[in-house]
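Colleague: All the letters of the sequence shown, read from the start, carry residue numbers 3 to 483 under our numbering. One structure, as structure tokens, below. Some questions next.
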Amino acid sequence: MSIRVRFAPSPTGMPHVGVIRTAIFDWLLARHYNGEFILRIEDTDRTRFVEGAVENIIGALKWLDMDIDEGPGIGGDYGPYYQSKRLDLYHRYARFLAEENKAYWCDCSPERLDKVRKELQAKKLDPRYDRHCRNLGLKGSPGDGKHVLRFSTPESGETTFHDELRGDITVANSELDDFVLLKRDGFPTYHFASCIDDHHMAISHVFRGEEWISSAPKHRLLYDALGIQPPKFVHVPVILGPDKAKLSKRHGAANILEYKEMGYLPEAMFNFLALIGWNPGTDEEIIPREKMIEQFSIERINISAGVFDIGKLDWMNGEYIRSTPLDSLVERLRPLMSEYGWVDADFKPWGKAYVFEVLKLMQERLKRLTDIRESAFYFFEEPKEYDPKGIKKAFKGGDIIDRLVAARDALAECEWSLDGIERAIRSTAERLDVGAGKIVHPVRLAVSGLTGGPGLFEILHLIGKDRTTGRIDRAIEWLKG
């Protein structure tokens, strides 16, 4: 069996992390079996179409390094890959179903449908269509502006569909309505277009959210009416926030591309999302992509919902940052450093070697690439202020100015090496008869504006003697008020 899976988002907004997680399962299955991963744009709801959404979807896949075998801009034997360009195909099937009395034309107005819905709700009944037009024999045509095409759902009996995770699920047909296949404007509904396209594109497996389980019996009936074999369905669990509610913006960013802007690595994001709902069968959490491809199977997808734990994502991203070769990390951070005004495209004015040394000190401390802004700025610019808590702790004591003056003088005279800097700091503490911390902490705050970071001697050595003593002078003047 040839494995062909499709990622079929609607361009109605930014790509949601839940949708991308489903795409990751698609992609892993395709790569595991050397199959095809197809991108299909389901753009039939023209009222909700968002300009730029398709580009963002493609951009998200590119960022995550999920290569597409067929789709927009790539082509393939089963195109076009925009549903809005496949209307003739849907209309052909619509006419077939109408002629076979498996679907019927309906001219009920929105006002009538709303009235029926409200009457049923008042009676505490399911607000479904009342089949008013089912036996009227109305004549319509695709896109005539007057009629929708509805499926003639059997009024009795049962429909069974198979889910690869849950097995067979049976639903009474009396619980289903006569759902719309074709809208007045001639555009198909999701139910109609997806079934036809999955058949015509030879899709073998469909991964989609478990919220679509309620629609699965409709699709089974539609496949049977069309006389075509359905693909295998895998309804994956939803992603929850830490409060066990469905993931939404109130839990943080829901748009996958926001995580790119927040400084997450694509490798970490891919790894993190793949493990929400899929169990590789080991205790490993940092899993190389090739190993994920090798281990992936539908059987190991969980039925229970997974939790989007931002703390775990931060930890995982930090692990990936620490394992990134420094040369690569420098290149990844260059755009951010340029954005912050620290370097240009050629690493001027500091030079690539200097940036390399900065990141050698900072790599172990970063959880996100963007952490560099608040934690390493002092390597490139003067601190504009001092940490308020640090002021209370490190700049206290009546002798604080004397301590900083002594440290500055010792540093100005010392050999500028790690050993020389350490000797200058420690000898100053001994001469003033204070603990080394009484010198180290004020000097750190004066030079960096912060109370924490890499080792002080390494910071001073990299920043250089002139900038170090100049910043201590500035702190002394600030303390004098």
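Every residue, glycine too, gets a C-beta built ideally from N, C-alpha and C. Since this is a predicted model, take the numbers as computed values, not measurements.
#1: Which residues does DSSP pair with residue 160 in a beta bridge?
#2: Between the Cα of residue 410 and those of 271, 209, 466 and 344, spot the shortest distance and give me the residue it belongs to.
#3: Kindly give me the distance between the Cβ atoms of residue 450 and residue 380, rounded to whole angstroms, as I take these residues to be in contact under 8 angstroms.
#4: Look up residue 280 in the DSSP assignment and say whether it is helix, strand or coil.
#5: What do you get for residue 3, buried or exposed, if any count of 16 or more other CB atoms within 10 angstroms of its CB means buried?
#6: Just the C-alpha distance for residue 34 and residue 303, rounded to the nearest angstrom, thanks.
#7: Drop a sphere of 10 angstroms on the beta-carbon of residue 279, count the other beta-carbons inside from all chains shown, and report buried for 16 or more, exposed for fewer.
#8: Which value, in whole angstroms, describes the spacing of the CA atoms of residue 161 and residue 180?
#9: Assuming the contact rule is C-beta atoms closer than 8 angstroms, residue 44 and residue 195 should be a hit. Round their C-beta distance to whole Å, please.
#10: Could you please give me the residues that DSSP links to residue 105 through a beta bridge?
#11: State the start and end residues of the unbroken beta strand (DSSP E) segment that holds residue 207.
#12: How would you label residue 484, buried or exposed, when you count the other beta carbons within 10 angstroms and need 16 or more for buried?
#13: With the cut-off set at 8 angstroms, would you say residue 41 and residue 74 are in Cβ contact?
#14: Taking only the alpha-carbon atoms, compute the straight-line gap between residue 326 and residue 104 and give it to the nearest angstrom.
#15: Based on the DSSP secondary-structure assignment, which residues constitute the bridge partners of residue 9?
#16: Are the stretch 51 to 60 and the stretch 143 to 154 touching, with three or more C-beta to C-beta distances below 8 angstroms?
#17: Any idea if residue 247 is buried or exposed, counting beta-carbon neighbours within 10 angstroms, 16 or more meaning buried?
#18: Residue 46: buried (16+ other C-beta within 10 angstroms of its C-beta) or exposed?
#19: Comparing alpha-carbon positions, which option in 295, 482, 334 and 192 lies nearest residue 370?
#20: In angstroms with no decimal places, state the Cα-to-Cα distance between residue 134 and residue 191.
#21: Pairing CB atoms from the stretch 425 to 437 with CB atoms from the stretch 360 to 377, are three or more of them under 8 angstroms?
Modeller: From the atom records:
#1: Bridge partners of residue 160: 174.
#2: For residue 410, the closest alpha carbon among the candidates 271, 209, 466 and 344 is that of 466.
#3: The pair is a contact, with the Cβ atoms about 4 angstroms apart (cut-off 8 angstroms).
#4: Strand, per DSSP.
#5: Using a 10 angstroms sphere on the CB of residue 3, the tally of other CB atoms stays under 16, which defines it as exposed.
#6: Each residue's Cα considered, the two are about 15 angstroms apart.
#7: With a 10 Å radius around the Cβ and a threshold of 16 neighbouring Cβ atoms, residue 279 comes out buried.
#8: If I take the Cα positions, the gap works out to 14 angstroms.
#9: Residue 44 to residue 195, Cβ: 7 angstroms. Contact.
#10: Note: residue 105 is bridge-paired with 153 in the DSSP secondary-structure output.
#11: In this chain, the beta strand (DSSP E) harbouring residue 207 covers 207 to 211.
#12: Shown here, the chain extends from 3 to 483; a query on residue 484 therefore has no answer.
#13: Judged by their CB atoms, residue 41 and residue 74 are nearer to each other than the 8 angstroms cut-off.
#14: When rounded, the distance between both Cα atoms is 58 angstroms.
#15: Answer is 41, bridged to residue 9.
#16: The answer is no - the stretch 143 to 154 does not touch the stretch 51 to 60, with fewer than three Cβ pairs under 8 angstroms.
#17: With fewer than 16 other Cβ atoms within 10 Å, it is exposed.
#18: Its Cβ being crowded by 16 or more others within 10 Å, residue 46 is buried.
#19: Checked all of 295, 482, 334 and 192; the closest Cα to residue 370 is 334.
#20: Those two C-alpha atoms are separated by around 20 angstroms.
#21: Touching, no.
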